[in-house]
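Protein chains in written order, with my numbering: chain A, 632 to 1042; chain B, 20 to 436. Positions of the beta carbon are idealized from the N, C-alpha and C atoms, including for glycine. Only a predicted model underlies this, so the values are computations on that prediction, with no experimental measurement involved. Single-structure report; data block below.
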Amino acid sequence: MSEINKADNTMPQVMREIFSGGLVRTVISVLLGFLVGALFMIGSNKEFIESLGYILARPGDAIGAAFAVVNDGYGALFRGAIYNADAETFEKAIRPLTETLRLGAPLIAAGLGIGLTFRVGLFNIGGTGQLIFGMIFATFVATRLELPFVLHMVVALIAGIVGAALLGAFVGFLKATTGAHEVILTIMFNYIALYFFTFLMRDPALLQESRASGNPKADPAAETALLPKLLGDNYSLHWGLIFALLAVVVFWWLMERSTIGYRLRMVGFNPDAARAAGINVEKTYILAMALSAGFVGVAAANQTLGTAIGVTPSSHANIGFDAITVALLGGSSGPGILLAGLLFGAFKAGAPSMQVIGVSPEVLGIVQGAIVLFIAAPPLIRALFRLPKPQTTNALESFRKRVFTRGGGSK
Amino acid sequence: MSTSKEIEVKVGLKSPIVMGSIGLLTLVFLGLLGRDGMVAFEISRRTDSLQLPTLDIDSSLLGVLSGLAMFALAAFSLSRAIKNLKTPIWVSIVFGAVGVTALLGWLAAEKSVPIAFIAGTALVLAVPIILGAMAGIMSERVGITNIAIEGQLLTGAFMAAVVSSITDNFLFGVIAAMVTSAFLSMILAIFSIKFLAQQIIVGVVLNVLVIGVTNFLYQQWLTEDAQNVNFPGTMDIIKIPVLSDIPLLGPVFFENRITVFLAILIVPTIWFILFKTRLGLRARAVGEHPLAADTVGINVGRTRFWWVTIGGSIAGLGGAALTIGNAGAFGREMSGGFGFIALAVVILGRWNPIYASLAALLFGFSIILRVWANQVSPGIPTDFITMVPYVVTIIAVVGFVGKSRPPKALAVPYVKG
């Protein structure tokens, strides 16, 4: 390290670029988020509060209690979300990880959708509404049509994507033609979609389950439409994960390699410049909202076809809102959203085992919120940790070239 | 129609068209195809000392009359549009009131409509929305988008319930709600003004954070020890002497909890400050053209900071109205989207405190109508009634009923050049 430093004057510049980059900031934000969560766990712990009464006499008790509760809480999260070392067999020990993947998949898909709009300079707060519209279409195909295996599933998946994309395109159309702000439109459509879905599930002639109880609930998806299990019947992980991963690849190609993506990003950078360059900005907004909602539709299909019990008005599981935090944490890039979706999927998977040991899993909501709060204000993190400002020279790239090309530093 | 004439008609025929179509729907579905049977509108409550006779009318006849009245309003709007004049806002208000009456009559065929009960409950339900909308107006008028109203309400609701329970004093509860909510708003203000963060993102994130914190504390603390920390009860209902004896108006407006009275006072106060004082003029200047405001010596950052913060404390009061002003205890995510409704109300009311409050009442009506409709005629799909205000908001936002124009510098951070 020191050798390179002596040999190369640009090294400090490289370090500055690394520390000003998004990755370090993201890691710091995640760690800070867990720290905030730990403080809440400690502050609400009975043993800790009791030991505060005699903290001056025996400070060790308070520190011990604090350490114990954080250790127990996050330990349970790890056991519930990654690897359960207490399980008898290896198969059971890794089940938590498969649950994380299963619960993370819809977050990834929906997160891609929200991230796409961020790249175009739009805010899609309507993930919930678009997800519900996708679920309406997918539920209709999955419960009211009879098709052979695989084909049924594919048609239902496409129906979910189309249903969501239609609502997205409609919002984009309203924005493009009237100038209405998409944030308000999408929030209103969240409610409209929810009540509309509830209405459909109240009427047996529409989507309500055949053995009608009073409650709004749809039939379970036909067996031919269910997403097949990925790792056999011992795990509930299903093909939803594969579709989410495919979505990541499609997203990456679309945004980074295709002409459409170039146009989308251009409008995001500067709509006026894009318009001057001959891009139809209004059409791009419609397209962006439709594509965004299309990704959310993958999550909708996942929610509808992933379980053998019928959907209810609450089956959207707040994924539409969580997707916003996923997209923010993932920096609106494909790989970032993949990792962020898995992290928040792990939170969902680990919640029950935290509940078991008596730590409210709601603390994970605080962690999630705190992480994105730190992400939302880069200058705050920079100020707190005295990180350098974003650098504009490309010393990092030249350093990488030197290290990763054969022959080291010789040019 | 010739092209030149189309250019002349700048106001457009959108609002008469929308009003006419809604009138037609009312005439056909609530009137001609409506339900038979008499409806009795009860003006006095059965407990009132002064009893007025009920107003009885046939349900379908009421539908027809309402439809015709709506046509008349649409025709008036059309005549204004032809003269290139905007439809005045009172037409929209009367139109909404006629629609609500027709709906009430349709729902309660062969039954009676307790007007005082419905209007009174609608007002109580609307108070958190009204106060949330005031927070929205105060921060958006100075150019800061406030998506965090939901979080501000939830904070207020939580603090009011907990502090009132612990101290056994509602006043402390209200103060705690307002102060904590103001602190929350300071985060929004500082992130937006100092760190130039995306305001919409900060708002969304604050909501996530507040929902997380209150859910955690509720689960870990309030449910364990509900008797001591989440058992505030509700404030006493105050009857204003003489005024509360007026039929209909008395029970609706003058027999309420202090939160409702405060809301009724706060709305015109904010309107007055915003539009009739130098303070309000400065605030609006900051929201419309911060550079110009800065040039004449107004401190843009400071103005924005205080309006957002004080707005937050008013939303905190709205939160207190949810718990100690209505429900009597804190419940998980009990603001249930009221903050987002408030956001819609701000736009529906064109960033004007008075109009926004009227729009909030529309939402209040839709909530109580759903509950009441289930009792008076079960089996009617109430989901559509609930949907109406949201659809109305979309119609307003896309500019069919008079374009609602936001402050010009909304969501634009100001960097001193």
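- Along the stretch 236-280 of chain B, the alpha helix (DSSP H) occurs as fully enclosed runs of 4 or more residues at 245-248 and 268-272, listed in sequence order.
- In this chain, the alpha helix (DSSP H) harbouring B:Leu-310 covers 309-314.
- The continuous stretches of beta strand (DSSP E) do not include A:Val-880, which lies in the alpha helix (DSSP H) extending over residues 871-887.
- Distances from the alpha-carbon of B:Val-395 to those of B:Asn-371, B:Gly-344 and B:Leu-126 put B:Leu-126 closest.
- In the structure shown, the three-state DSSP call for B:Glu-61 is strand.
- With respect to chain B, the C-beta atom of A:Met-819 has a partner C-beta closer than 8 Å.
- Put simply, of A:Leu-831, A:Asp-903 and A:Met-886 the residue whose alpha carbon is nearest the alpha carbon of A:Arg-896 is A:Met-886.
- A:Ala-908 carries a coil assignment under DSSP once its states are collapsed to helix, strand and coil.
- Shown here, A:Ala-849 sits in a strand according to DSSP, grouped into three states.
- Under the Cβ criterion of 8 Å, B:Asn-249 is not counted among the residues facing chain A.
- Beyond the five residues adjoining it in sequence on each side, B:Val-117 comes within less than 7 Å, by CB distance, of Ser-85, Ala-88 and Met-89 in the same chain, given in chain order.
- Contact note: B:Met-406 reaches chain A through Tyr-822, Ile-823, Tyr-826 and Phe-827, using a C-beta cutoff of 8 Å and chain order.
- Under the three-state reduction of DSSP, B:Asp-77 is assigned to strand.
- Spanning the alpha carbons of B:Glu-129 and B:Ile-62 requires a straight line of approximately 17 Å.
- Scanning its chain for C-beta atoms nearer than 8 Å, with the 5 sequence neighbours on each side dropped, one finds around B:Leu-122 the residues Leu-49, Leu-388 and Ile-404, in chain order.
- Scanning B:Val-119, B:Met-57 and B:Ile-36 for the CA closest to the CA of B:Phe-95 turns up B:Ile-36.
- Counting along the chain, B:Ser-385 sits inside the alpha helix (DSSP H) bounded by residues 372-395.
- DSSP places B:Pro-133 in the uninterrupted beta strand (DSSP E) bounded by 131-133.
- Remark: three or more beta-carbon pairs, one from each stretch, lie closer than 8 Å, so the stretch 369-389 of chain B and the stretch 153-166 of chain B are flagged as touching.
- In this structure, the straight-line span from the alpha carbon of A:Ala-807 to that of A:Leu-918 is close to 10 Å.
- Scanning the stretch 716-792 of chain A from its first residue to its last, the whole alpha helix (DSSP H) runs of 4-plus residues come out as 721-724, 726-750 and 758-775.
- DSSP places A:Lys-860 in the strand class (E or B) of the three-state scheme.
- For A:Ser-963, no chain B residue has a Cβ inside 9 Å of its Cβ, as the nearest lies near 11 Å away.
- Just measuring C-alpha positions, the residue of B:Tyr-433, B:Val-232 and B:Gly-383 sitting nearest B:Pro-147 is B:Gly-383.
- For B:Trp-240, the closest Cβ of chain A is nearer than 8 Å.
- In this structure, DSSP gives A:Gln-934 a helical state, which the three-state scheme calls helix.
- For B:Gln-70, the secondary structure class from DSSP, reduced to helix, strand or coil, is coil.
- Beta bridge pairing from DSSP links A:Gln-839 with A:Ala-849.
- Per the coordinates, the alpha-carbon of A:Ile-818 lies some 9 Å from the alpha-carbon of B:Tyr-409.
- Listed along chain A, the residues sitting closer than 7 Å to B:Asn-234 by beta-carbon distance are Glu-993 and Gly-996.
- Taking CB atoms only, B:Thr-322 has no neighbour in chain A less than 8 Å away.
- Chain B has a Cβ within less than 8 Å of the Cβ of A:Ile-756.
- Beta-carbon to beta-carbon, B:Ile-219 and B:Ala-430 are separated by about 7 Å, close enough to satisfy the 8 Å threshold.
- When A:Leu-782, A:Phe-820, A:Ala-958 and A:Phe-952 are compared, the shortest CA-CA separation from A:Leu-797 is found for A:Phe-820.
- Here A:Pro-1019 carries a coil assignment [DSSP, helix/strand/coil].
- Straight-line spacing of the CA atoms in B:Ala-145 and B:Thr-45 works out to 25 Å.
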